[in-house]
Amino acid sequence: MCIGGGVRGGSSARVFTIINQCKTMVWPAVTPGESFGGGGFALKPGQSVVFTAPVGWSGRIWGRTECDFDQSGNGSCSTGSCGSELKCGGSGATPATLAEFTLASKDFYDVSLVDGFNLPIVVRPLNGQGNCSTAGCDGDLRDDCPSELAKKVNGRTVACRSACDVFDTDQYCCRGTFGNPSTCQPTFYSKKFKAACPTAYSYAYDDPTSIFTCSNADYTITFCSNRSEAIGVHVPQQSPYLQQRL
Numbered sequence: 021m022c023i024g025g026g027v028r029g030g031s032s033a034r035v036f037t038i039i040n041q042c043k044t045m046v047w048p049a050v051t052p053g054e055s056f057g058g059g060g061f062a063l064k065p066g067q068s069v070v071f072t073a074p075v076g077w078s079g080r081i082w083g084r085t086e087c088d089f090d091q092s093g094n095g096s097c098s099t100g101s102c103g104s105e106l107k108c109g110g111s112g113a114t115p116a117t118l119a120e121f122t123l124a125s126k127d128f129y130d131v132s133l134v135d136g137f138n139l140p141i142v143v144r145p146l147n148g149q150g151n152c153s154t155a156g157c158d159g160d161l162r163d164d165c166p167s168e169l170a171k172k173v174n175g176r177t178v179a180c181r182s183a184c185d186v187f188d189t190d191q192y193c194c195r196g197t198f199g200n201p202s203t204c205q206p207t208f209y210s211k212k213f214k215a216a217c218p219t220a221y222s223y224a225y226d227d228p229t230s231i232f233t234c235s236n237a238d239y240t241i242t243f244c245s246n247r248s249e250a251i252g253v254h255v256p257q258q259s260p261y262l263q264q265r266l
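So for the sequence shown, this note's numbering puts the first residue at 21; every next one is plus one.
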């Protein structure tokens, strides 16, 4: 079932189809969200929604779980909350799996676990030119999250925090003397994330198998993807959005 609507307005726009293949409701969030229904909405299992974003848009998409919003759009979520608002005006609370995009003549996109994991997300470009590999994570880290990283609600693991978030050390956070690609290396925890999600960012400098590029493509963003094909690996690139974020 598809709700909403958006059509490509020529080469200056990208069509985003956001799909919920999870068994439960997901509340996607987008920032900046002007082109995405104001930045937040609900998706039932099996439901999808379509939006159109202009070239020049740079932002992130994530899912919120176990939310309870009133008719005015005020409420809370177990993971991914952006304050108490249904429509997000800023980043969500960690831990959350992030799909990140910079739309330009060549688009950059990735799925990041640098801020932790709360839902599987897969990004697939459609009808683009270039490498255009599928990115993301269809493994579920909640099933095998180290106990020291687990975020629990009523005894259930609802998300897996990053080692940086839990331990706040320079090594895990890639800062200080560890603030460059040479000194910030994979750790026990980032390797565990990478094993579950081979083409998602597992730590800040995990560039070679995590940043993807494509030109003039549309995109599907699927929560809890049940796809069976392998996710491809790409040639290393550097995203201007990620450079700014890091």
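We put the beta carbon where it would ideally sit given N, CA and C, even for glycine.
Nothing here was measured: the structure is a model prediction, and the numbers come from that model.
- Beta-bridge analysis with DSSP links Gly-53 to no other residue.
- By the Cβ neighbour-count rule, Leu-146 is exposed, with fewer than 16 other Cβ atoms within 10 Å of its own.
- For Phe-128, the enclosing beta strand (DSSP E) covers residues 127-132.
- For Phe-213, the enclosing alpha helix (DSSP H) stretches over residues 208-216.
- Taken atom to atom, the span from the alpha-carbon of Ile-241 to that of Thr-177 is near 24 Å.
- The continuous alpha helix (DSSP H) containing Cys-184 extends over residues 183-187.
- In summary, Asp-127 is buried, with 16 or more beta-carbon neighbours lying within 10 Å of its beta-carbon over all protein chains present.
- With at least 16 other beta carbons inside 10 angstroms of its own, Pro-140 counts as buried.
- The stretch 84-93 makes no contact with the stretch 183-201: fewer than 3 CB pairs, one atom from each, lie closer than 8 Å.
- Distances from the alpha-carbon of Val-131 to those of Ser-32, Val-142, Ser-153 put Val-142 closest.
- Excluding sequence positions up to five before and after Ala-216, its CB lies within less than 6 Å of the CB of Gly-159, Leu-161, all in the same chain and listed in chain order.
- Membership of Tyr-239 in the beta strand (DSSP E) is indicated by the continuous run 238-243.
- DSSP, read as helix, strand or coil, puts Phe-61 in coil.
- Here Pro-201 has Tyr-225, Asp-227 as same chain residues with Cβ atoms under 8 Å from its own Cβ, once five neighbours each way along the sequence are excluded.
- DSSP, read as helix, strand or coil, puts Gly-196 in helix.
- For Ser-153, no beta strand (DSSP E) segment is defined, and its DSSP state is neither H nor E.
- With fewer than 16 other CB atoms across the displayed protein chains lying within 10 angstroms of its CB, Phe-208 is exposed.
- For Leu-123, the secondary structure class from DSSP, reduced to helix, strand or coil, is coil.
- Cβ-Cβ separation between Val-75 and Leu-123: approximately 5 Å, consistent with a contact (criterion under 8 Å).
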